[in-house]
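**Student:**
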């Protein structure tokens, strides 16, 4: 937000320079990095003076140029070549001297000594638009004859200089989104300094324009107001004014708005912006000639209603959008944006000033839904001050009557269905000092709170103050919020760091060990060419609609979501990764390897919560998601680029398991498919505990993200994997001195038999000497009985201490073959 130095001084008296003011505001939590000098006319007309045209002759080599001599009050007249058709001897003109910088919009140009068709020119006689004080370019400006040559143009045109301070507001400080709000903070700082005797003088007060003298010119002609949606609009105030004249604003108003970064438009609109930037209350001025039935109704419209906003865009309304309507139609999206025909034009004669308080959540949802962000929605969605609506309406009406004329009809309308309740809380001085880490005098704490407009009431306990929070501080709910207010005014730099530090030590727990393990795997994946992504835990409702695997009923819903795109907590990392893939693929980066560690959430309605376990229906677990799409590696002169496959991803997963001490022999795999994967492998421990799933994402899922290339995805249940491997330690052993023995078997089994079943039987039959089991061929086809398939299995036998004898080898193989026969396998 931009703050005008001069405007701020209209509200509070202070002795700080613009840069000292910026430093003070930053110390108060209103970060201010930029201080810029601004003038009512850009450039301040430096180098521009008043001159007297002494002679004017036609240029000998041009049919439209003139050669003039001009007295600039410096003694010797200067020669200037001028192309204006109205230049003549005896005129008093405005001259930009050599070296002067003039501005044309965002462009700037410097006046230089030049030669125009053989004649030297030492400056430029200026038109209005060339000086930035008007738009006329028909000819040069001709002034009154009584102005002395050499008079600075800045003096003649009364150019004002101001300073613009750019203040960065944190989301909770909407109360400071106005000059009055900033003045309140300055007042608190001044009071704090005076209370500590660091500064002498009277306690300053914030003064704003007086709006107590509004008189009603007519008892009739007022607009009627009706609120149908009281939850969306707790307060609606306004004033009807008839017979106004829309015209240019006075210089003082235009200069203030310009200094605060606002472009002047006309007197009516400028007054509403003056009130907005001055005291922080958004206003809207309706052209009464477009208000059917001269009635304002605050309500919602049917879903699908078409409405065209001021920017000319036709929008489709939601049934939750709060609208300002007349007797026939919607006119304005409440607190967000006006309608195409609702605003003030040059022909407007009768106006209604709206000054309301709208529900912040409703405004925020509507603004996000329609992709709109305005000065009004910025303030309303963060929480405006409901107690200032009447004052703002009266102030605007007073200024309109002063600057645009007209008659006030029917006085101020104020529809307030329920009284405004201020928050109250008890505040302990001991708690305050403990939290700050320094003992502040109770008198100083009271002084700061009163300066911030808290009502302070003493209680029977001398340590406890009863506070009533001002309505403009929508972010203050708890004692710790009050401590924050006291500390920022007192000054963070004034809290000394003690000589001793009190710390508490705790043992490393499972969370720390899990994090260390995550770092290990992150380094491994990064070294393998993967990039880590971090997506929002909030995700779109639409991803879970009509899903049987991840039903919407199992989503953890938000009570007040910003939009349906952020309406539920994610049940899987998959969709966030696909959003990232889509984003990158659309930017010509199709070859991607991503991974993400993140929590996933689930609501379990079948469970029952209780007072002892209020969150029993909710579960949360850590997951590792891995995505591969596009080429495995970029092509080079000797390497052909190959598409990544699910086997590449399976290799990555196996490497992760091995790194954590989980060998392939310790897990089982099952092939399947579901609504997300067209084909996948489910990985589980030998005890049946699910570890991961690896597979190919269905094209129907990818289509929702506009992804046309294949994507493989692995979801690893990190919590389960951590429990399985947390106690695993990497052990080192010397290489065996004996040679291993390989034996192969060709087995005829039913088609329903998985290799995992074969592997389990073999490992159980020979526990001592068996080192590895590997499937190297699967055959289904001719020369096999119906319903059968053939597995070719290789086994490695070894004794680390001595060479195996034939007898030992035969005994082991006999046990293995007997076990396989018992499960129904036949040797081929």
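Residue numbers (our numbering): 516 to 1343. Every residue gets a Cβ at the ideal spot worked out from N, C-alpha and C, and that includes glycine. Just so you know, these numbers come straight off a predicted model, no measurement behind them.
(1) Just how far apart, CA to CA, sit residue 913 and residue 759?
(2) Tell me the residue span of the alpha helix (DSSP H) that contains residue 625.
(3) Three or more beta-carbon pairs under 8 Å between the region 657-673 and the region 550-565, yes or no?
(4) Closer than 8 Å by C-beta to residue 728: which residues in its own chain qualify, once you throw out the five before and the five after it? Chain order, please.
(5) According to DSSP, is residue 1328 helix, strand or coil?
(6) Which residues in the same chain have their Cβ closer than 7 Å to the Cβ of residue 946, if we skip the five residues on either side of it in sequence?
(7) Is the beta carbon of residue 873 sitting closer than 8 Å to the one on residue 811?
(8) Report the start-end ranges of each alpha helix (DSSP H) in the region 1268-1322 that is 4 residues or longer and not cut off at the edges.
(9) Out of 928, 1176, 777, 522, which has the shortest C-alpha to C-alpha gap to residue 755?
(10) Should residue 1104 go down as buried or exposed, given a rule of 16 or more other Cβ atoms within 10 Å for buried?
(11) Can you tell me where the beta strand (DSSP E) holding residue 1348 begins and where it ends?
(12) Cα-Cα, which of 1097, 926, 1095, 1072 is closest to residue 1119?
(13) Can you tell me whether residue 1291 is buried or exposed? The criterion is at least 16 other CB atoms within 10 Å of its CB, across all chains shown.
(14) Out of 871, 696, 561, 604, which has the shortest C-alpha to C-alpha gap to residue 527?
(15) Considering just the uninterrupted stretch of the beta strand (DSSP E) at residue 1165, what are its terminal residues?
(16) Figure out for me which residue from 907, 809, 900 has the closest Cα to the Cα of residue 936.
(17) Give me the DSSP bridge partner(s) of residue 667.
(18) Could I get the ranges of all uninterrupted beta strand (DSSP E) runs contained in the region 731-764, with 3 residues as the minimum, in chain order?
(19) Terminal residues of the continuous beta strand (DSSP E) containing residue 1253?
(20) Which residue wins for smallest C-alpha separation from residue 679, given the options 650, 743, 770, 607?
(21) Once DSSP output is grouped into helix, strand and coil, what is the label at residue 1237?
(22) Suppose contacts are defined by Cβ-Cβ distances below 8 Å. Is residue 911 in contact with residue 798 by that definition?
(23) Under 8 Å Cβ to Cβ from residue 1036, same chain only, skipping five residues before and after it: list those, please.
(24) Between the beta-carbon of residue 806 and the beta-carbon of residue 783, is there less than 8 Å?
(25) Could you give the distance in angstroms between the alpha-carbon of residue 1348 and the alpha-carbon of residue 1146?
(26) Fully enclosed by the region 939-987, which alpha helix (DSSP H) runs are 4 residues long or longer?
(27) Short check: CB of residue 627 to CB of residue 613, under 8 Å?
(28) Closest to residue 1161 by CA distance: which of 1226, 1205, 978, 1331 is it?
(29) Beta-carbon within less than 6 Å of residue 1079's beta-carbon, same chain only, minus the 5 sequence neighbours each way: which residues are those?
(30) Which of the three DSSP states is assigned to residue 990 in this structure?
(31) Just list the residues that DSSP pairs residue 801 with in beta bridges.
(32) Mind reading off the beta-carbon distance from residue 1092 to residue 1142? Whole number of angstroms is fine, and I expect it under 8 Å.
(33) Kindly list the residues whose CB is nearer than 7 Å to the CB of residue 1276, restricted to its own chain and excluding five residues on each side of it in sequence; keep chain order.
(34) On the three-pair Cβ rule with 8 Å, is the region 844-853 touching the region 718-735?
(35) Terminal residues of the continuous beta strand (DSSP E) containing residue 892?
(36) Whether or not the region 1212-1229 and the region 1117-1136 are in contact is what I'm after, with contact meaning three or more pairs of Cβ atoms, one per stretch, closer than 8 Å; do they touch?
**Tutor:** According to the data block:
(1) Numbered from its first residue, the chain shown carries residue 913 at position 398. Numbered from its first residue, the chain shown carries residue 759 at position 244. Computed Cα separation, rounded: 12 Å.
(2) Here the question's residue 625 lines up with position 110 in the chain shown. Residue 625 -> not in any alpha helix (DSSP H); beta strand (DSSP E) instead, spanning 622-625.
(3) yes
(4) Here residue 728 corresponds to residue number 213 of the chain shown, with the count starting at 1. If we look at residue 728 and ignore the five residues flanking it on each side, its Cβ neighbours are 913.
(5) Numbered from its first residue, the chain shown carries residue 1328 at position 813. Three-state result, residue 1328: helix.
(6) Here the question's residue 946 lines up with position 431 in the chain shown. Within the same chain, residue 946 has close Cβ partners 994.
(7) Translated into positions along the chain shown, residue 873 becomes position 358. Translated into positions along the chain shown, residue 811 becomes position 296. Not in contact: residue 873 and residue 811 (Cβ atoms no closer than 8 Å).
(8) 1270-1280
(9) As a first step, residue 755 is located in the chain shown; it is residue number 240 there, counting from the start. Closest by alpha carbon: 928.
(10) As a first step, residue 1104 is located in the chain shown; it is residue number 589 there, counting from the start. Flag for residue 1104 reads exposed.
(11) This structure cannot speak to residue 1348, because the chain is shown only from 516 to 1343.
(12) Counting from one through the chain shown, the residue named residue 1119 turns up at place 604. Minimum Cα distance to residue 1119 is reached at 1072.
(13) Taking the first residue of the chain shown as 1, we reach residue 1291 at position 776. By the neighbour-count rule (16 or more Cβ atoms within 10 Å), residue 1291 is not buried but exposed.
(14) Residue 527 sits at position 12 when you count from the first residue of the chain shown. Looking at the Cα atoms, 696 is the closest of the given residues.
(15) One-based indexing of the chain shown puts residue 1165 at position 650. Unbroken run through residue 1165 is the alpha helix (DSSP H), 1161-1174; no beta strand (DSSP E).
(16) In the chain shown, the residue the question calls residue 936 occupies position 421. Selected option, being the one with the closest Cα: 900.
(17) Taking the chain shown and counting its residues from 1, one reaches residue 667 at position 152. According to DSSP, residue 667 bridges with 564.
(18) 739-742, 750-757
(19) Taking the first residue of the chain shown as position 1, residue 1253 is located at position 738. Note, residue 1253: premise wrong, no beta strand (DSSP E); not H, not E.
(20) As a working note, residue 679 is residue 164 in the chain shown. Looking at the Cα atoms, 770 is the closest of the given residues.
(21) The residue given as residue 1237 occupies position 722 in the chain shown. Note: residue 1237 maps to helix in three-state DSSP.
(22) Along the chain shown, one-based indexing puts residue 911 at 396. Along the chain shown, one-based indexing puts residue 798 at 283. In this structure, residue 798 lies closer than 8 Å to residue 911 by Cβ.
(23) The residue labelled residue 1036 in the question sits at position 521 within the chain shown. Hits under 8 Å: 1139, 1171, 1174, 1175.
(24) Counting from 1 along the chain shown, the entry for residue 806 is found at position 291. Counting from 1 along the chain shown, the entry for residue 783 is found at position 268. No; because the gap between Cβ atoms is not below 8 Å, this pair is not in contact.
(25) In the structure as shown, the chain begins at 516 and stops at 1343. Residue 1348 is therefore absent and cannot be evaluated.
(26) 944-951, 957-966
(27) Your numbering for residue 627 matches position 112 in the chain shown. Your numbering for residue 613 matches position 98 in the chain shown. Contact: yes.
(28) Taking the chain shown and counting its residues from 1, the one referred to as residue 1161 is at position 646. The shortest C-alpha separation from residue 1161 is found at 1226.
(29) Position 564 of the chain shown, counting from 1, holds the residue named residue 1079. So the list reads 1056, once near-sequence residues are dropped.
(30) For this step, residue 990 is matched to residue 475 along the chain shown. Reduced to three states, the DSSP call for residue 990 is coil.
(31) Sequence index remark: in the chain shown, residue 801 carries index 286 (1-based). Its beta-bridge partners are 867.
(32) Stepping through the chain shown from its first residue, residue 1092 is reached at position 577. Stepping through the chain shown from its first residue, residue 1142 is reached at position 627. That pair is a contact at about 5 Å.
(33) Reading the chain shown from its first residue, position 761 is the one you call residue 1276. Cβ neighbours of residue 1276 beyond the five flanking positions: 1334, 1335, 1338.
(34) no
(35) Stepping through the chain shown from its first residue, residue 892 is reached at position 377. Element bounds for residue 892: not the beta strand (DSSP E) but the alpha helix (DSSP H), 890-895.
(36) no
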